[in-house]
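Read the structure below first, then the notes.
There are 2 protein chains.
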Amino acid sequence: MNAKPNQTSTSPLAPESFPRMPVIEGVALASGSCGIAKSVRSDLLLVELRAGTTVAGTFTRSLTASAPVKWSKKAVRGGQARGLIVNSGNANTYTGPAGKQAVERTVEAAADQFACRPSRVFVASTGVIGQPLPYEKIIGALPGLGRQLSPMAWDAAAKAIMTTDTFPKGATRKAKIGRVEVTLNGIAKGSGMIAPDMATMLAFAFTDAKLPATVLQALLSDAVDKSFNCITVDSDTSTSDTVLLFATGAAGNPAVEDAGDDALADFKAKLDDLLLDLAHQIVRDGEGASKFVTVAVTGAESDKSAHRIAMSIANSPLVKTAIAGADANWGRIVMAVGKAGEKAAVDRLEIFIGGHAVAKGGGPVPGYDETPVARHMKGQDIAISVDVGVGDGAATVWTCDLTHGYIDINADYRS
Amino acid sequence: MNAKPNQTSTSPLAPESFPRMPVIEGVALASGSCGIAKSVRSDLLLVELRAGTTVAGTFTRSLTASAPVKWSKKAVRGGQARGLIVNSGNANTYTGPAGKQAVERTVEAAADQFACRPSRVFVASTGVIGQPLPYEKIIGALPGLGRQLSPMAWDAAAKAIMTTDTFPKGATRKAKIGRVEVTLNGIAKGSGMIAPDMATMLAFAFTDAKLPATVLQALLSDAVDKSFNCITVDSDTSTSDTVLLFATGAAGNPAVEDAGDDALADFKAKLDDLLLDLAHQIVRDGEGASKFVTVAVTGAESDKSAHRIAMSIANSPLVKTAIAGADANWGRIVMAVGKAGEKAAVDRLEIFIGGHAVAKGGGPVPGYDETPVARHMKGQDIAISVDVGVGDGAATVWTCDLTHGYIDINADYRS
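Protein sequences, first through last, are from chains A and B.
Quick note: the first sequence uses the working numbering, first residue 67, plus one each step.
Quick note: the second sequence uses the working numbering, first residue 67, plus one each step.
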């Protein structure tokens with residue numbers, strides 16, 4: 067149950083560098099080491115949000131959700147936020163009444179510091195499951211972090227929430243609401259849907275847009291459905307998954323009361339794009355990943371059905387190991403479609419790899435030439451698309467391959 | 067899409083030897099090489115069954131079921147069997163109209179040889195998906211095999227149906243129906259629920275008991291639910307899974323018309339035991355397996371719910387890699403319970419590893435000593451049990467660990 071050492075080498079799929087993240091008025095960040103993570107590294111993030119900041123959130127559906135998830139889930143109903151505290155190295159999951167108390171004490175200390183109600187402080191923890199959280203270390207570090215709060219410290223913030231991640235994850239977008247330009251910044255962590263001991267995927271997005279919490283929640287839920295809910299590394303659902311979106315309102319855009327308002331079209335598009343960017347970065351840092359894989363399914367009974375078929379392909383160990391071996395083994399894709407339990411016309415099934423048809427009409431493509439497909443499989447970005455021939459349902463999901471690296475990270479470190 | 071080379075070394079979990087299988091009156095077997103498998107090895111099995119043999123079967127629920135599965139599923143409705151043909155090296159799956167034709171031609175040739183209706187000949191194929199089956203090789207080999215039929219050739223039969231298996235799988239039991247002793251023999255193959263290119267799990271059981279097909283089917287379905295449906299290697303469902311049970315009737319036991327008849331109690335127990343033995347042998351030959359894992363769940367809302375929770379644990383890549391690393395990482399078991407989507411009382415959850423309590427009442431066991439648990443994890447037989455504290459539902463499933471061997475077998479052989 068020891069904390070895992072950080073991985074030493076950066077994922078081959080990592081972006082070239084961390085993006086330049088602009089200031090978002092009303093957001094200040096500070097991070098540092100409070101001694102929860104076993105290795106000496108930054109493991110605590112504190113964010114102060116100006117009064118009037120609205121908030122929306124989506125959380126893991128796991129039955130064994132962590133104590134911080136339970137707190138934040140409740141707090142988000144208030145729609146208002148003044149602070150966010152995130153620690154890495156300990157997930158505060160399956161820690162019983164002590165876990166709940168740890169959250170309450172932490173939140174009270176932060177509420178004192180920001181002179182706000184505890185219910186306006188959000189918390190997230192990521193790391194080992196089943197170990198008591200030494201929350202007094204967090205409380206002890208808060209005043210020092212409070213003195214270092216800065217609107218610029220995005221890169222350090224993204225680093226403080228890392229566990230088995232091999233690179234910090236950030237993204238930024240500009241959008242217009244009416245004639246007013248607003249900014250969206252996001253940071254995330256995650257290297258498996260759940261990383262090993264280290265439960266979880268976390269993402270925090272911030273904007274200076276002025277939006278009611280209800281509108282924010284509608285936009286966030288929709289964006290998460292199309293981004294984080296469409297990625298998988300290993301099919302294991304975290305106990306701590308948390309996505310929070312904070313809007314400080316500093317941009318002074320025209321008032322919007324409804325998520326369907328046309329004035330939000332650009333903001334919505336950019337929010338979707340921001341979260342998808344972060345979600346893709348998590349896949350690109352998937353444990354042991356050597357290839358980034360896009361699985362698109364069309365022709366399904368419904369979008370939901372298409373999503374399930376795509377996930378059946380993306381989660382199949384046999385498909386994922388074939389990709390790791392650069393093997394254009396489409397028979398395994400047929401198998402994964404077959405086991406999905408969704409409607410599909412086997413005789414009209416079409417499978418494309420890298421845009422090349424490999425199977426059609428219930429059998430291999432006549433005169434199939436594997437050469438261009440084999441070439442595609444050797445690349446870093448793999449595209450699989452499948453049409454199941456029964457309707458208009460479509461979905462796209464993203465995953466990575468299953469390699470020796472995954473076994474190394476998850477089995478070998480203690481043996 | 068090449069056929070995979072056979073694994074060179076035998077699984078460390080293999081039984082010491084193939085069992086001594088007695089003759090079953092009315093069953094004669096022959097096997098040999100017909101050239102479908104790429105390597106020169108036995109790849110064809112022919113079984114002749116005496117007239118009057120009854121049959122029952124269970125098959126994959128995959129939507130992309132193979133052509134032989136479709137044939138046998140239909141033929142089993144007739145309840146009568148005279149022959150069985152099994153080839154390895156090619157699954158005859160996703161092969162379109164040509165695949166159906168290949169089955170029909172093969173069956174017709176065997177029906178001529180046995181002077182029976184084609185509908186009394188059963189077929190199964192295991193191997194590569196999506197390649198036309200060169201059925202003329204099978205037809206060409208049938209007369210030769212017909213001349214070699216022997217009631218003793220069980221070991222060779224078990225070898226002829228292997229693909230990535232590292233050892234032949236057989237089991238035998240004696241049972242009493244009334245005062246008459248009957249024999250049960252079974253052979254199986256499978257090294258993943260689906261092995262790589264090599265789709266599948268196959269099992270064939272034979273008895274000299276005299277039982278109507280309807281009774282046989284009821285007994286078989288029940289036994290399969292408790293054995294083959296309770297094992298998982300990699301969560302990938304085969305397109306060719308087939309279990310067939312043949313009863314020649316030669317033993318001359320008293321007539322039984324109902325599967326619930328008390329006279330069948332012993333037979334039923336031995337059949338259950340035989341199939342469980344074969345199912346366990348498949349797990350023991352799981353691709354890359356180094357540990358045999360029993361996952362028992364109690365206290366669930368229903369047996370079905372317990373089964374789903376047990377499978378969520380047994381299929382979790384993080385649980386399976388922890389076991390491979392001999393890591394008593396019970397936090398991952400908590401995670402797998404949480405993601406199962408079934409009712410569980412998190413605050414009453416109890417987890418035992420090797421009989422030692424590790425978690426209880428929503429947190430770690432007070433004063434938890436990892437020493438005996440760590441010792442258990444280093445062994446070859448791992449026992450995990452979980453009580454979820456809501457009802458009387460119980461289920462046990464069996465799996466193996468997830469090791470570098472699995473990646474080697476499934477990713478590396480072509481790269």
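The beta-carbon is built from N, C-alpha and C at its ideal position, and this holds for glycine as well.
Anything in chain B within Cβ reach of Lys292/A, meaning under 8 Å, just list it in chain order. Chain B residues near Lys292/A: none, gap ~21 Å exceeds 8 Å.
In whole angstroms, give me the CA-to-CA distance for Ala406/A and Glu170/A. 42 Å
At the level of alpha carbons, what is the spacing between Leu340/B and Phe358/B? Leu340/B and Phe358/B: Cα-Cα distance of roughly 18 Å.
Does any residue of chain B bring its CB to less than 7 Å from the CB of Thr229/A? no
Answer with yes or no whether the minimum CB distance from His373/A to chain B is below 7 Å. no
Endpoints, alpha helix (DSSP H) assigned at Val194/A: Run containing Val194/A: none in the alpha helix (DSSP H); it sits in the beta strand (DSSP E), 187-194.
Does His422/A come within less than 7 Å of chain B when only Cβ atoms are used? no
Less than 8 Å between the CB atoms is what I'm expecting for Ala313/B and Leu282/B, so what's the real figure, rounded? 6 Å
Cα-Cα separation, Met67/B to Ala133/A: Residue placement at Met67/B is flagged as unreliable, the pLDDT there being 31, under the threshold of 50; a coordinate-derived value is accordingly withheld.
Using only CA atoms, which one of Tyr434/A, Gly428/A, Ala411/A, Val412/A lies nearest to His422/A? Answer by Cα proximity: Tyr434/A.
So which residues of chain B does Ala177/A contact, with C-beta pairs closer than 7 Å? Those within 7 Å of Ala177/A in chain B number zero; the least Cβ separation is about 26 Å.
CB contact check: Thr124/B to chain A, cutoff 7 Å: no
Contact criterion: CB-CB distance below 7 Å. Does Asn476/B meet it with respect to chain A? yes
Presumed contact (8 Å Cβ cut-off) between Val502/B and Ala380/B, rounded CB distance: An answer regarding residue 502/B cannot be provided, because it is not within the stretch 67 to 481 covered by chain B.
Beta-carbon within less than 7 Å of Arg239/A's beta-carbon, same chain only, minus the 5 sequence neighbours each way: which residues are those? Leu250, Lys336, Asp339, Leu340
Kindly say whether Lys129/B, judged by its beta-carbon, lies nearer than 7 Å to any beta-carbon of chain A. Note that residue 129/B is Leu in the sequence shown here, rather than Lys. Judged by the 7 Å Cβ criterion, Leu129/B is in contact with chain A.
Residue from Val424/B, Trp137/B, Leu112/B, Asp447/B with nearest C-alpha to Thr437/B: Selected option, being the one with the closest Cα: Val424/B.
What does DSSP give as the partner residue(s) for Val113/A in the beta ladder? Leu95/A, Leu150/A
Comparing the C-beta of Pro430/B with each C-beta of chain A, is any distance below 7 Å? Any Cβ of chain A closer than 7 Å to the Cβ of Pro430/B would place that residue at the interface, and such an atom is present.
Does the CB of Met401/B have a neighbour CB from chain A at under 7 Å? yes
Taking 7 Å as the CB-CB limit, is Pro383/B close to chain A? yes
Since Gly427/A meets chain E, which of its residues come closer than 7 Å, beta carbon to beta carbon? No chain E appears in this structure, whose protein chains are A and B.
Per DSSP, Trp464/A is paired with what? Beta-bridge partners of Trp464/A (DSSP): Ile297/A, Thr360/A.
Taking the alpha helix (DSSP H) that Leu277/B falls in, what are its first and last residues? Per DSSP, Leu277/B belongs to no alpha helix (DSSP H) and is neither H nor E.
Identified DSSP bridge partners for Phe270/A: Ile253/A, Leu310/A
Here's a check: name, in chain order, each residue in its chain whose Cβ is nearer than 8 Å to the Cβ of Pro209/A, leaving out the five neighbours to either side. Gln179
Answer yes or no: do Val142/B and Val113/B have a C-beta to C-beta separation smaller than 7 Å? no
Between the alpha carbons of Gly455/A and Lys426/A, how many angstroms are there, rounded? 11 Å
Within 7 Å (strictly less), CB to CB, does His442/B reach chain A? no
Closest to Ser368/B by C-alpha separation, out of Gly459/B, Leu311/B, Asp324/B, Pro184/B, would be which residue? Gly459/B
I want to know whether the segment 184-192 of chain A touches the segment 137-156 of chain A - three or more CB-CB distances under 8 Å. yes
Using a Cβ-Cβ distance cut-off of 7 Å, determine whether Lys255/A contacts chain B. no
In this structure, does DSSP put Pro209/A in helix, strand or coil? helix
With a threshold of 7 Å between beta carbons, is Gly92/A in contact with chain B? no
Just the C-alpha distance for Met267/B and Ile348/B, rounded to the nearest angstrom, thanks. 8 Å
Considering only C-alpha positions, which residue in the set Phe270/B, Arg350/B, Ser99/B is nearest to Ala207/B? Ser99/B
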